[in-house]
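Asker:
There are 2 protein chains.
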Amino acid sequence: MTGKHGEIKRLLWGPHAAPARGPRRTLDLDRIARAGIELADAEGLAALSMQRLAERLGVTKMALYRYVPGKTELVALLVDAAIGPYPPEAGGEDWRTALEDWAVRLLAVFRRHPWALGATVGPRLPGPAELSWLEAVVAALDGTGLGGAERMDAAVLLTGHVRMISEQSPAAGPSPGVEEQLTAAIGEVLTEHGDRFPALTAALATGPEGRENAWEFGLRRILDGLAALIAERTGR
Amino acid sequence: MTGKHGEIKRLLWGPHAAPARGPRRTLDLDRIARAGIELADAEGLAALSMQRLAERLGVTKMALYRYVPGKTELVALLVDAAIGPYPPEAGGEDWRTALEDWAVRLLAVFRRHPWALGATVGPRLPGPAELSWLEAVVAALDGTGLGGAERMDAAVLLTGHVRMISEQSPAAGPSPGVEEQLTAAIGEVLTEHGDRFPALTAALATGPEGRENAWEFGLRRILDGLAALIAERTGR
DNA sequence: AACAACTGTTTCCATGGTACACAGTAGTTA
DNA sequence: TAACTACTGTGTACCATGGAAACAGTTGTT
């Protein structure tokens, strides 16, 4: 009836009624989440198995199922814990610097936990931490003349850019040096088949790549676009 | 030495020297790609196993390893085949409608193959099809005064928005009706814990959600932001 | 005709998630 | 205090997965 989302909802949002009888519990959701995040940070999402997580916690893998309905829900828990609540001390500035600040902070989260990207594809139920970030954006746009739906859309737009930039950052990797291999392979491809992509080849020859610039470039365009709309709204 | 990227590169970019001796091959990369895309479209990326794909092709799973080094490379092949080359008849308009057209087409691709989103997280080697899309954006920005790196950054920005919107579309799903469960669960969460997210609750109460509007909203902001930069560049 | 290269198949293994039965533990109740 | 009940973590078992290795059959070359 409630389906899979029901279990995720209970895990993420509670209530978590502590059982009255039976042996003391060895674990709790907090410790599980911390250990899981450590594991995923260090070795990537693929290395996160019930087995390895249980080992790290000093229990059998089946013990985890006393706390978490399954791996899907486990990952959802890890994601919300990794994102964490939006820092409440932030905010207070004008909308533009507030949003810029927000985006920088979110980028930092995804850089710290690259696996969280792959774990947040497709529609899913947001946890409390995730929702607090959305709340922050909507609140930051107070007094800009933007409607409710528009503020949510702005959050979507910003998040898309943050995610896109995070994706190109090297993920928590098996072996270091894999990044060099990639750029080398891309270079080979372009020298071998560059004639099929003339505009691209010319563009690459022009400017230095400046991987960090794509971040600021996009962020500036988005904020400029929002500013134009806000000016239009507050102007008349 | 060459690593995993080397095998992906050979698979995606060739050369594919046909073997001179031995029995006739039963399969070819095209048939494999088509069958794999069908399977992933119908049942999602999780349902795509070597086993199931082989069954659909009428061979044993190990036969696939004669054509593809491993599952990672198989997925990379499927992705590039699913994206497909950018239609050459497109283009010719001014940069703004060209980019808008490009984004709409890319969105259509991800809507048709939702699993491709999850298969394109993290840095990876682009295939010929994927590169042709990037080529199209860079070429469309000819004569705008933007530099090479800036045009690439614009492509990144647009792609981020397309991906973000695609992510919220319901993926190729196990059971239909799972979307309703999600929205129902989200609704429950907000009515139960809405007091912790006042701005968000107010925003949701204000406007109708208009899921389709987030797409156009973001696209318009991005293009406006680009237009501002281009005007500045061509103006002086 | 012998050979070498290549095909698809079979067998095997380690690892993955998870269902289930079990013995031990700790509050509750008689 | 003794029985009961809810709960714990463990052990075993099952099936699906990706992949390695050995194999017999097929085809062009010598």
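Order-wise, the sequence lines are chains A and B. In short: position in the first sequence from 1, add 3, done, that's my numbering. In short: position in the second sequence from 1, add 3, done, that's my numbering. Glycine residues also receive a C-beta, built at the ideal position from the N, C-alpha and C atoms. All values reported here derive from a predicted model rather than from experimental measurement.
1. Taking only beta carbons into account, state which residues of the region 105-125 of chain A come closer than 9 Å to chain B, listed in chain order.
2. Using only the alpha-carbon positions, how far apart do GLY39/A and THR123/B sit?
3. Who are the near neighbours of ALA142/A in its chain, counting only those whose CB is closer than 8 Å to its CB and skipping five residues on each side?
4. Does VAL192/A come within less than 9 Å of chain B when only Cβ atoms are used?
5. Using only alpha-carbon positions, find the residue among PRO26/A, GLU195/A, PRO126/A and GLY148/A that is nearest to GLN171/B.
6. Buried or exposed: where does HIS164/B fall if 16 or more other Cβ atoms within 10 Å of its Cβ makes it buried?
7. What does the Cβ neighbour count give for ARG59/A, buried or exposed, with the cut at 16 atoms within 10 Å?
8. Can you give the Cα-Cα distance for ARG115/B and LEU81/B, rounded to whole angstroms?
9. Does DSSP put VAL107/B in a helix, in a strand, or in coil?
10. Please state the DSSP three-state secondary structure of ALA230/B.
11. So that I know if they touch, is there some Cβ in chain B lying closer than 9 Å to that of LYS74/A?
12. Would PRO129/B pass as an interface residue toward chain A - the criterion being a Cβ-Cβ separation below 9 Å?
13. Does the beta-carbon of ALA188/A have 16 or more other beta-carbons within 10 angstroms, so that it is buried, or is it exposed?
14. Counting only beta-carbon atoms, is LEU42/A nearer than 9 Å to chain B?
15. Around the C-beta of MET155/B, are 16 or more other C-beta atoms found within 10 angstroms, so that it is buried, or is it exposed?
16. Compute the distance between the beta-carbons of ALA43/A and TRP118/A, then report whether it is under 9 Å.
17. Are the C-beta atoms of ALA205/A and some chain B residue less than 9 Å apart?
18. Output yes or no for whether 9 Å exceeds the beta carbon distance between GLY61/B and THR29/B.
19. With a threshold of 8 Å, are at least 3 pairs of Cβ atoms found where one atom belongs to the region 214-228 of chain A and the other to the region 220-231 of chain B?
20. Which chain B residues are close to ALA49/A, counting only those with a beta carbon under 9 Å from its beta carbon?
21. Tell me the residue span of the alpha helix (DSSP H) that contains GLU246/B.
22. Against chain B, with Cβ distances strictly below 9 Å, would PRO91/A count as a contact?
Answerer: Well, looking at it:
1. PRO117, LEU120, GLY121, THR123, VAL124 and GLY125
2. Numbered from 1 along the first sequence, position 36 holds the residue referred to as residue 39/A. Numbered from 1 along the second sequence, position 120 holds the residue referred to as residue 123/B. Approximately 23 Å, taken between the alpha carbons.
3. Against the first sequence, residue 142/A aligns to sequence position 139. Excluding sequence neighbours, ALA142/A sits near GLY94.
4. For the purposes of this step, residue 192/A is identified with residue 189 of the first sequence, where counting begins at 1. Answer yes: the Cβ-Cβ gap between VAL192/A and chain B drops below 9 Å somewhere.
5. On the second sequence, position 168 is the one that residue 171/B refers to. When each option's Cα is compared against that of GLN171/B, the closest is PRO126/A.
6. Here the question's residue 164/B lines up with position 161 in the second sequence. Looking at its Cβ environment, which holds 16 or more other Cβ atoms inside 10 Å, HIS164/B is buried.
7. Locating residue 59/A in the first sequence gives position 56, counting from the first residue. So ARG59/A counts as exposed.
8. Stepping through the second sequence from its first residue, residue 115/B is reached at position 112. Stepping through the second sequence from its first residue, residue 81/B is reached at position 78. Using only the alpha carbons, I get a separation of about 13 Å.
9. Translated into the one-based positions of the second sequence, residue 107/B becomes position 104. In this structure, VAL107/B counts as helix in the three-state DSSP scheme.
10. Walking along the second sequence from the start, residue 230/B turns up at place 227. Helix.
11. Walking along the first sequence from the start, residue 74/A turns up at place 71. Chain B, which has no Cβ nearer than 9 Å to the Cβ of LYS74/A, makes this no.
12. Against the second sequence, residue 129/B aligns to sequence position 126. Yes, contact with chain A.
13. Taking the first sequence and counting its residues from 1, one reaches residue 188/A at position 185. So ALA188/A counts as buried.
14. For the purposes of this step, residue 42/A is identified with residue 39 of the first sequence, where counting begins at 1. It does not; no Cβ of chain B falls within 9 Å.
15. Start at 1 with the first residue of the second sequence, and residue 155/B comes out as number 152. It is buried - the Cβ of MET155/B has at least 16 other Cβ atoms within 10 Å.
16. For the purposes of this step, residue 43/A is taken as the residue at position 40 of the first sequence. For the purposes of this step, residue 118/A is taken as the residue at position 115 of the first sequence. Closer than 9 Å, so yes.
17. Stepping through the first sequence from its first residue, residue 205/A is reached at position 202. With 9 Å as the cut-off, ALA205/A counts as an interface residue toward chain B.
18. In the second sequence, residue 61/B corresponds to position 58, counting from 1. In the second sequence, residue 29/B corresponds to position 26, counting from 1. Cβ atoms of GLY61/B and THR29/B: closer than 9 Å.
19. yes
20. Here residue 49/A refers to the residue found at position 46 of the first sequence. None at all; the shortest Cβ gap to chain B is about 11 Å.
21. What the structure shows of chain B is the stretch from 4 to 239, and residue 246/B is not part of that stretch, so it cannot be assessed.
22. Taking the first residue of the first sequence as position 1, residue 91/A is located at position 88. With 9 Å as the cut-off, PRO91/A does not count as an interface residue toward chain B.
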